[in-house]
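A.B. asks: The sequence shown begins at 470 in our numbering and counts up by one.
Beta carbons are placed, not taken as given, at the ideal position from N, Cα and C, and that holds for glycine.
A single structure is presented below for examination.
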Amino acid sequence: MTEISPTPNVKRPFSNNTIDRFGVIDIGSNSVRLVVFDGAARSPAYFFNEKVLCGLGGNLGPNGELNIDNKKRALSAIKRFVLLANSMSANLSAVATAAIRNAPNGKEFCYEIYVKTGLEVSVATGEEEATLSAKGVLLGWPDVDGLVCDLGGASMELAEISNGNVGLAKSLQIGPLNLDRVHADAIGKRDYVKSKLIELRKKFNKTYKTIYLVGGSWRAIARLHMDLSNYPLKVLHEYQINADDILSTIKWINKRSLKEIRTMTTISNVRLDLLPTSGIILQEVVEIFNPKK
470 MTEISPTPNV KRPFSNNTID RFGVIDIGSN SVRLVVFDGA ARSPAYFFNE KVLCGLGGNL
530 GPNGELNIDN KKRALSAIKR FVLLANSMSA NLSAVATAAI RNAPNGKEFC YEIYVKTGLE
590 VSVATGEEEA TLSAKGVLLG WPDVDGLVCD LGGASMELAE ISNGNVGLAK SLQIGPLNLD
650 RVHADAIGKR DYVKSKLIEL RKKFNKTYKT IYLVGGSWRA IARLHMDLSN YPLKVLHEYQ
710 INADDILSTI KWINKRSLKE IRTMTTISNV RLDLLPTSGI ILQEVVEIFN PKK
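Here's what the structure looks like:
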């Protein structure tokens, strides 16, 4: 990870022999999130959890630079989160992913965060991001086997999990914000995603009966499936869908306008705007990796 030197007045995680309350700021392509945990555990319960949609990975400059207004929103959220974490006496760390990792002014923004908040930002590589996502799944379900697929705004990460371990882990720059920027039409997006996934499938050459989906765009599709099927519980965590139902839901999305979908679901407008492109990505994942669920 790429790091900015820490400052003494910010509490760092795991700095003592015992681990008490600690927090993590996740600076993503769509949102900035603060989660505070009450101590370490295999699957820790969170004490505080809040996110702000900042869209760092969207409206990029001609060379992929982070947008000024989006940076302001993100910095404002981070300042507030630092104050909240300090008020909770939480050791705090921050991790940034693809939006900052890929932007030519990403390091500059990390330094701005450091200067204005005293907070060190670690920038995860694509493989690190994929591995961390897979480890998150294993913390909740240590015995599962399959493939973890984490879709952010700018990138998608894939990682094998088996027998409590993470295997091959890779990252692709096929997040919906990236695709919407470089491909104006659905056919161009689909062809690009298909080519990237077919190439990656040569490395992930096993049979994966289950794909574990991580990320807000996947949750939006699952939420829509819940709404369409009148599922009685509105709990997305551990929600299971077979592959055929996923493809049917995506087909339903493709036949309707966002205006029509908006009247039929509880998905936020920000996630809804990314729904068609997210559906293209998920359809290609399902068809190329051929899971059962």
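Pull up the CB-CB distance for S640 and A691, whole angstroms please, since I reckon it's below 8 Å.
C.D. replies: Rounded, the Cβ-Cβ distance is 22 Å, inconsistent with contact.
A.B. asks: Please classify S698 as buried or exposed, where buried requires at least 16 neighbouring CB atoms within 10 angstroms.
C.D. replies: With fewer than 16 other Cβ atoms within 10 Å, it is exposed.
A.B. asks: Among residues of its own chain, excluding the 5 on either side of A565, which ones have a beta-carbon nearer than 6 Å to its beta-carbon?
C.D. replies: The answer, listed in chain order, is I496, V590, V592.
A.B. asks: Give the straight-line distance between the Cα atoms of K678 and F758, rounded to the nearest whole angstrom.
C.D. replies: Approximately 9 Å, taken between the alpha carbons.
A.B. asks: Taking the CB atoms as reference points, tell me whether I710 and K762 lie closer together than 9 Å.
C.D. replies: Taking 9 Å as the Cβ cut-off, I710 and K762 qualify as a contacting pair.
A.B. asks: Do I722 and G684 come within 9 Å of each other at the CB atom, strictly closer than that value?
C.D. replies: Cβ atoms of G684 and I722: not closer than 9 Å.
A.B. asks: Roughly how many angstroms lie between the CA atoms of L744 and T735, to the nearest whole one?
C.D. replies: So the alpha carbons of these two residues sit roughly 13 Å apart.
A.B. asks: Have a look at the DSSP bridge pairing and note the partners of M625.
C.D. replies: Answer is L620, L641, bridged to M625.
A.B. asks: Starting from the C-beta of N518, find all residues in its chain whose C-beta is less than 8 Å away, skip the five residues before and the five after it, and write them out in chain order.
C.D. replies: If we look at N518 and ignore the five residues flanking it on each side, its Cβ neighbours are R502, L503, V504, V505.
A.B. asks: Who are the near neighbours of A559 in its chain, counting only those whose CB is closer than 6 Å to its CB and skipping five residues on each side?
C.D. replies: Excluding positions up to five away in sequence, the list reads R490, F491, G492, V505.
A.B. asks: Kindly indicate which three-state DSSP category F758 falls into: helix, strand or coil?
C.D. replies: Correct three-state label for F758: helix.
A.B. asks: Take E707 as the anchor and find which of A638, N647, G609, R670 has the nearest alpha-carbon.
C.D. replies: Considering only alpha carbons, the answer is G609.
A.B. asks: Take every Cβ of the stretch 605-622, pair it with every Cβ of the stretch 571-584, and state whether three or more of those distances are shorter than 8 Å.
C.D. replies: They do not touch, by the three-pair rule.
A.B. asks: Alpha carbon to alpha carbon, how far is I680 from V617?
C.D. replies: Rounded to the nearest angstrom, the two C-alpha atoms are 6 Å apart.
A.B. asks: Check each candidate in A689, V613, T594 and name the one with the smallest Cα separation from R570.
C.D. replies: Nearest option by C-alpha distance: T594.
A.B. asks: Expressed to the nearest angstrom, what Euclidean distance is found between the alpha-carbon atoms of M625 and P701?
C.D. replies: Computed Cα separation, rounded: 30 Å.
A.B. asks: Report the residue ranges of all beta strand (DSSP E) runs contained in full by the stretch 513-571; include only those spanning at least 3 residues, in chain order.
C.D. replies: DSSP runs (the beta strand (DSSP E)) wholly in the stretch 513-571: 515-522, 560-565.
A.B. asks: In the DSSP assignment, find the beta strand (DSSP E) that holds D614 and state where it starts and stops.
C.D. replies: It is not in any beta strand (DSSP E) - D614 carries neither H nor E in the DSSP assignment.
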